[in-house]
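Heads up: the sequence shown is residues -16 to -1, 1 to 93, going by mature numbering (1 follows the signal peptide of the UniProt record, and there is no 0). Since the structure comes first, as structure tokens, the remarks are kept for the end.
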Amino acid sequence: MRHLIVIPVLALAACAAPMPENTQSVGQSGHTPAAVAQCIASNWANSSGQTVYMQYVLANNRAFDVYAPGQQPPSGAAAVVRPATSGPGSSVGFRGGSSSAAGSINNCL
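In structure tokens:
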């Protein structure tokens, strides 16, 4: 019986990944969070020639923080990619850093 209680709690926790308070909304995407995060990371790494960190926030490729070039976890400027609040796709935001980095996120939406 204990396992029946734990499974729904984990399922609800996996769905509840709101944007952090200090995050500026960038837009919505019809793509999965994993695809959007990978696109952002690739674009930033290719354009800057620097290491870009991609951090899993939720398991099963559900939510990511992609740190801008030259930034490091846990508090650096980052694209914040979460599951869309309704339907398939992703919600994308940006926390900290310059607007030029936030602007390049639009290519992946």
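Using N, Cα and C, we set each Cβ at its ideal position, and we do this for glycine too. This one's a predicted model, so the numbers in the text were calculated from it and none came from an experiment.
Just the C-alpha distance for residue i and residue j, rounded to the nearest angstrom, thanks.
i, j, result
"glycine 14", "valine 65", "12 Å"
"tyrosine 40", "valine 20", "13 Å"
"valine 36", "leucine 42", "19 Å"
"isoleucine 24", "serine 31", "11 Å"
"proline 58", "threonine 69", "24 Å"
"glutamate 5", "valine 50", "17 Å"
"serine 26", "methionine 38", "10 Å"
"glycine 71", "glutamine 22", "21 Å"
Taking buried to mean at least 16 other C-beta atoms within 10 Å of its own C-beta, is residue i buried or exposed?
i, result
"threonine 7", "buried"
Residues in its own chain within less than 6 Å of residue i by CB, not counting five upstream and five downstream?
i, result
"alanine 61", "Ala52, Gln55, Gly80, Gly81"
"glycine 33", "none"
Apart from the five residues on each side of it in sequence, which residues of its chain come closer than 8 Å, Cβ to Cβ, to residue i?
i, result
"valine 10", "Ala63, Val76, Gly77, Phe78, Ala86, Ile89, Asn90, Leu93"
"proline 17", "Asn45, Arg46, Ala47, Phe48, Val65, Arg66, Pro67, Ser74"
"alanine 29", "Thr35, Val36, Pro53"
"glutamine 12", "Ala68, Gly73, Ser74, Ser75, Val76, Leu93"
Is the Cβ of residue i closer than 7 Å to any Cβ of chain C?
i, result
"threonine 69", "Absence of chain C from the displayed structure is noted, only one protein chain being present."
4-residue-minimum alpha helix (DSSP H) runs that sit fully inside the stretch 3 to 60, ordered along the chain:
You should have 17 to 32.
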